[in-house]
Amino acid sequence: MEEKVDSFWEYLPYLPLIDPTNIVTCMEGGIPLQQWNFLEEFVKNKYNINIQVHVYRNDLNGGTGTFKDVSASLAASIFKEYGVNQYCVASTGNTATSYATYLSIAGINCSVFIPENALKASEAFISAYGQQVFRTNGDYTKTKVIAADYARINNILISNGNIDPIRVEAKKTMVFEWLRQLGKMPDVYIQAISGGTGPIAIDKGVREIQSIYPGLKNPRFLLVQPDKCDPMVQAWEKAEINDFPTGYEKDFPSIDNPETTIPTLATGHPGTYPIIAKLVKSVDGSFVRISEDKIAAFARLIAFESKVMLGPASAVCIAGFFESLKKGLIKDGESVLLNIGEGVNRAPEFVNEMIYTTKNIDNVEQCKPHTMNTYREQLWAAIEN
Ligand SMILES: Cc1ncc(COP(=O)(O)O)c(C=O)c1O
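Numbering (numbering that gives the first Met the number 0), first residue to last: 0 to 384.
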């Protein structure tokens, strides 16, 4: 394995930028894949299978600590190269924050459209950097429509959502990083899914580098949604029951104003499902539903065992890993990659959910020393229920 790279700009020859002096970077994308042995041991004990578990630490990205940072870095650099000075983007939160940050650094104006339920913390970052926030009275679907109208009326470039070539080009470098760090592609890839840029970009990365690595294949995608906003899971389950009839990928529900507490993943109208579903089917993957009310229990367990504080969307991914095991979707001998897409600082409200050891006291007699192992047992029991 080679030395750690500083950022995804290591892959400049594969990126659509001509002059490297235009690069706008906060050291993003050169992030570690960590092996989490405690999960491997759990799987060995409970399911009697041997797997490898690596987590991709996007929370360590230098920009805003999410897996949107590589896209925003590439976007800001391209805009600098072409002299673009007005841009706009609709986002559930993390793309908005990341684009606002990088475009601010490059001195490019960015109008950001966020849905009604987007986190205050996202809004605060965008505003603090001097970019314009438009908070829609409505959900993400409505937000995207208004943003598109604004772009057209004002003749301003707009991000083309989950199939935006800049986002895809940047995120495809995940594949290059995994090959560099692991020496192979993982067998299984697990990610919380909203619109699906992640899997679309992985597919692009694999296709692009197949000439150098003949036989390189996409991982089996296991894509996770919380039960309060799960249109892709619903569509997939229906297709499975009906044995994937012709045109199954065009049959998906639309959830208006999804009442989820994870705005990052609140894509109620999954316009990209036709692309993602075919991709998932082609690798024998699946969509997995998890209980949104239980994600804090997963985040607490991970914080205890690994000292990594997850954001809610990352906790959904971890919950999806455990659910996939229950459903027998992970097999003996496989290597599994979990995409930790964000750390807890992206959702400060979620930090409060991590409190569980506090005892309110009046006097010293009520205070006794503790053993951390008691908490360990409680935390593992909580995710098993
Ligand atoms: C932390 C995190 N995880 C997962 C997702 C879903 O990403 P995708 O566009 O691949 O659906 C997002 C973005 O929406 C995110 O910010």
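Quick reminder that beta carbons are idealized off the backbone N, C-alpha and C, glycines included.
In this structure, L337 lies near F320, with their beta-carbon atoms less than 7 angstroms apart.
Only residues of its own chain outside the window of five on either side were considered, and among them I50, D186 and V187 have a CB closer than 6 angstroms to the CB of E333, listed in chain order. Residue state for C109 is assigned as strand, using DSSP reduced to three classes.
N108 and D68 have their C-alpha atoms roughly 17 angstroms apart. Cβ contact annotation for G129 (same chain, cutoff 7 angstroms, sequence separation greater than five): S103, in chain order. Residue pairing of E341 in beta bridges, as defined by DSSP: T65. The three-state reading of DSSP puts Y355 in coil, since its state is none of H, G, I, E or B. About 6 angstroms separates the beta carbon of I274 from that of I199, a gap short enough to meet the 8 angstroms contact definition. Taken from the Cβ of S158, every heavy atom of ligand 1 lies 6 angstroms or farther away. Assignment of Q233 by DSSP, reduced to helix, strand and coil, places it in the helix class.
In this structure, DSSP gives P31 a state outside helix and strand, which the three-state scheme calls coil.
When secondary structure is reduced to three states using DSSP, C87 falls in the strand class. In the three-state reduction of the DSSP assignment, P347 falls in the helix class. Residue burial annotation: T24 is buried, with at least 16 other C-beta atoms found within 10 angstroms of its C-beta. Here P213 is exposed, its C-beta having fewer than 16 other C-beta atoms within 10 Å.
Listed in chain order, the alpha helix (DSSP H) elements of length 4 or more contained wholly in the region 226-272 are 230-240. Within the DSSP bridge table, the entry for I157 names C87 as partners.
Ligand 1 has no heavy atom closer than 6 angstroms to the beta-carbon of I274.
About 4 angstroms separates the beta carbon of I192 from that of L222, a gap short enough to meet the 8 angstroms contact definition.
Taking A302 as the centre and dropping the five residues before and after it, the same chain places the C-beta of M308, L309 and M353 closer than 8 angstroms to its C-beta, in chain order. Each residue's CA atom was taken as its position, placing S97 and F133 some 16 angstroms apart. Following the DSSP letters along the chain, one finds V187 in no alpha helix (DSSP H) but inside the beta strand (DSSP E) bounded by residues V187 to A191. Secondary structure at Y46: helix, using DSSP grouped into helix, strand and coil. By the C-beta criterion, the region 112-124 is judged not to be in contact with the region 43-59, since fewer than 3 inter-stretch pairs fall below 8 angstroms.
Distance from the CA of V42 to the CA of V287, rounded to the nearest whole angstrom, comes to 18 angstroms.
H53 is bridged by DSSP to Q34 and L336.
When distances are taken from the beta-carbon of I354 to the heavy atoms of ligand 1, even the shortest one reaches 6 angstroms or more.
The Cβ-Cβ distance between A265 and C228 falls below 7 angstroms.
When only Cα atoms are considered, M184 and Y374 end up about 35 angstroms apart.
Pairing P164 with Y13, the inter-Cα distance amounts to about 13 angstroms. About 12 angstroms separates the beta carbons of Q85 and V111, which is beyond the 8 angstroms limit, so they are not a contact pair.
Judged by beta-carbon spacing, S323 lies beyond the 7 angstroms limit of R166, meaning their Cβ atoms are not closer than that value. In the DSSP assignment, I360 falls outside any beta strand (DSSP E), carrying neither H nor E.
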